[in-house]
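In the working numbering, the protein residues as written are 20 to 592.
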């Protein structure tokens with residue numbers, strides 16, 4: 020039974036659906052796509068212990084039962100088996116290697132990789148002899164590298180890479196898909212045939228690519244579905260005969276795909292797809308997603324060239340983003356240096372911020388700043404009332420141990436007494452070890468329209484196994500108006516806040532040193548002033564001792580003077 024869109028799920032039911040989606044074992048499907056065959060080998064003689072059930076399609080007179088237990092050489096011939104042995108043993112699998120072999124009238128790309136102690140060999144049919152021409156790939160990669168160097172802005176870079184990959188692969192549509200901090204995706208570049216719908220500028224929710232799929236994208240950088248209507252070919256036997264474990268197909272080029280993802284593509288009107296991982300600093304930055312409106316098999320070697328293009332693009336992307344970030348950081352550093360110089364000049368934070376509040380705000384691209392030091396609150400720009408700021412600092416002291424940020428204060432502090440009225444974003448940084456002093460930057464809300472490819476809210480379906488998230492059926496433009504949310508805080512914002520806090524702490528240290536110097540000078544002056552009359556008293560005592568006899572009262576007074584003189588002398592030592 021399908022749930023009506025307006026029907027509300029309980030939190031437990033929604034959590035159940037999300038967990039089920041996240042647990043889908045997409046790396047162990049137990050089957051392959053049918054444009055090749057797969058062998059699992061063990062031992063030095065490469066004895067076959069598992070094989071795809073379509074072996075007879077490519078090797079007449081063979082069945083999976085007849086193949087199991089034999090060596091690879093027994094099945095495909097000694098010469099071809101030696102080629103595979105060479106890439107496995109002599110060249111080493113790092114993590115995978117390939118070669119080209121011929122069996123009867125068929126040419127195959129033979130791709131090998133290791134899984135535990137076994138070697139997995141996949142033979143993918145070559146149906147386009149053009150992919151055998153090495154010069155073709157050299158020219159394409161050379162032109163690609165030159166074109167990337169000529170792209171001086173990110174939009175130009177995005178458009179170039181989608182155009183070039185579409186040109187080499189022949190897909191109807193190629194889009195560049197960038198993830199945000201919450202794993203929602205945005206199409207930032209696109210090249211397509213006129214008859215294909217455009218997704219440029221549209222957003223896709225994180226649930227479209229669940230966590231385990233994103234993890235696979237960081238392991239296997241390129242994936243293909245040649246035809247969404249394919250019938251999966253099972254691996255026989257389904258599990259390893261010794262360990263009884265299903266085959267981990269994370270690195271497999273023929274791996275069968277999730278039926279949920281297949282349905283997602285069908286709903287989008289896509290019949291064949293390919294995706295290339297874009298990795299930055301070891302993390303998944305985005306994907307190059309390729310779509311075709313009919314079944315379409317891209318040869319293995321064309322896919323490998325596309326993967327190399329993805330790596331080259333990642334390097335150029337890092338370079339352009341690095342230059343952009345460097346320029347931005349230099350501007351921020353200059354502001355921090357000016358604040359530092361001002362604080363060293365007058366040692367007065369309140370006066371400094373009052374006179375240079377524009378610097379403190381622009382360094383963080385914020386509209387307000389509140390500073391709580393020594394139980395004194397200073398506010399500049401657009402900030403909440405002092406009472407709210409104090410309540411916020413009390414909350415931070417209890418719930419945060421370092422820098423804290425949010426772009427949705429109303430959601431973050433929902434139900435927190437005294438903070439219900441906060442909107443927009445804030446970033447708070449402690450400026451003392453006691454967590455009682457803070458600098459808090461505020462960003463105002465930005466009303467924003469986000470264009471989604473279909474509604475981002477998935478409605479789970481109820482199945483016999485419970486609620487399951489299913490792919491949406493529409494990708495028509497769906498507009499969302501976002502309110503009460505500021506621009507997100509970045510890693511650079513956090514680093515700049517830390518730098519400003521260090522400036523403030525250094526200013527506090529210098530102020531304390533100056534106070535200590537002033538106190539020492541004051542005490543020295545006071546000591547001098549006190550010693551001057553005491554020196555005179557000491558001289559008088561000496562004269563009286565040598566003078567005429569004293570009566571009892573005079574002796575007592577002289578005794579007091581002598582004691583005071585001795586104490587003064589001791590204080591000088």
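Backbone N, C-alpha and C fix where the C-beta goes; we use that ideal spot for every residue, glycine too. Values in this document were obtained by computation on a predicted structure and should not be read as measured data.
Asked	Found
Tell me the residue span of the alpha helix (DSSP H) that contains residue 281.	278-287
Among all the DSSP beta bridges, which residues are the ones paired with residue 128?	119 and 143
Enumerate, from N- to C-terminal direction, the unbroken beta strand (DSSP E) stretches of 3 or more residues contained entirely within the segment 175-254.	192-198, 204-211 and 241-244
Rounded to the nearest angstrom, how far is the Cβ of residue 195 from that of residue 307, given a contact under 8 Å?	6 Å
Between the C-alpha atoms of residue 231 and residue 225, what's the straight-line distance to the nearest angstrom?	12 Å
Who are residue 9's beta bridge partners in DSSP?	The question about residue 9 has no answer here: the residues shown for the chain are numbered 20 through 592.
For residue 324, which residues of its own chain have a beta-carbon under 7 Å away from its beta-carbon, when the five flanking residues on both sides are left out?	156, 159, 160 and 187
Going by C-alpha to C-alpha distance, which of 405, 401 and 419 sits closest to residue 444?	401
Check residue 98 in the structure and name its three-state DSSP category.	helix
Go through its chain and collect everything with a Cβ distance to residue 173's Cβ below 7 Å, but skip five positions before and after it.	339
Since residue 420 and residue 275 are thought to touch, with beta carbons under 8 Å apart, how far apart are those beta carbons, to the nearest angstrom?	Going by Cβ atoms, the distance from residue 420 to residue 275 rounds to 46 Å, so no, they are not a contact pair.
Measuring straight from C-alpha to C-alpha, what distance separates residue 94 and residue 318?	24 Å
Does DSSP classify residue 352 as helix, strand or coil?	helix
Just to confirm my understanding: we take residue 506, look at its own chain, exclude 5 residues before and 5 after, and list those with CB closer than 8 Å. What are they?	384, 426, 444, 462 and 465
Is it buried or exposed, residue 330, if we count other Cβ atoms within 10 angstroms and call 16 or more buried?	exposed
If you scan the segment 62-106 from start to end, which runs of the beta strand (DSSP E) of 3 or more residues do you find wholly inside it?	66-71
Could you tell me which residues DSSP pairs with residue 461 in its beta bridges?	387 and 445
Excluding five sequence neighbours on each side, which residues of the same chain lie with their C-beta closer than 6 Å to the C-beta of residue 456?	391, 392 and 450
Looking at C-alpha atoms only, which residue of 55, 503 and 198 is the closest neighbour of residue 271?	55
Which residue's Cα is closest to the Cα of residue 359: 139, 348 and 372?	372
Starting from residue 428, trace the alpha helix (DSSP H) in both directions and tell me its first and last residue.	428-431
My understanding is that residue 71 touches residue 252, with C-beta atoms under 8 Å, so please give their C-beta distance in whole angstroms.	5 Å
I need the straight-line Cα distance from residue 57 to residue 44, nearest angstrom please.	19 Å
Check residue 528 in the structure and name its three-state DSSP category.	helix
Starting from the Cα of residue 199, find the closest Cα among 442, 434, 302 and 241 and give me that residue.	302
List the endpoints of the continuous beta strand (DSSP E) containing residue 380.	Element bounds for residue 380: not the beta strand (DSSP E) but the alpha helix (DSSP H), 376-381.
Within the same chain, show all residues whose beta-carbon is closer than 8 Å to that of residue 347, passing over the 5 residues directly before and after it, in chain order.	511
Are the Cβ atoms of residue 53 and residue 250 separated by less than 8 Å?	yes
Under the three-state reduction of DSSP, which class applies to residue 518: helix, strand or coil?	helix
With H, G and I counted as helix, E and B as strand and the rest as coil, what does DSSP make of residue 578?	helix
Can you tell which of 167, 76, 295 and 108 has its C-alpha closest to the C-alpha of residue 123?	76
Could you say which of 60, 515 and 62 lies nearest to residue 344 if we only look at CA atoms?	515
Distance check for residue 92 and residue 101, CA to CA, integer angstroms please.	8 Å
Determine the direct distance from the alpha carbon of residue 388 to that of residue 213, and round the result to whole angstroms.	50 Å
I'd like to confirm the pairing. Which residues does DSSP put opposite residue 55 in its beta bridges?	143
In the DSSP assignment, find the unbroken alpha helix (DSSP H) run with residue 416 in it and report its ends.	405-418
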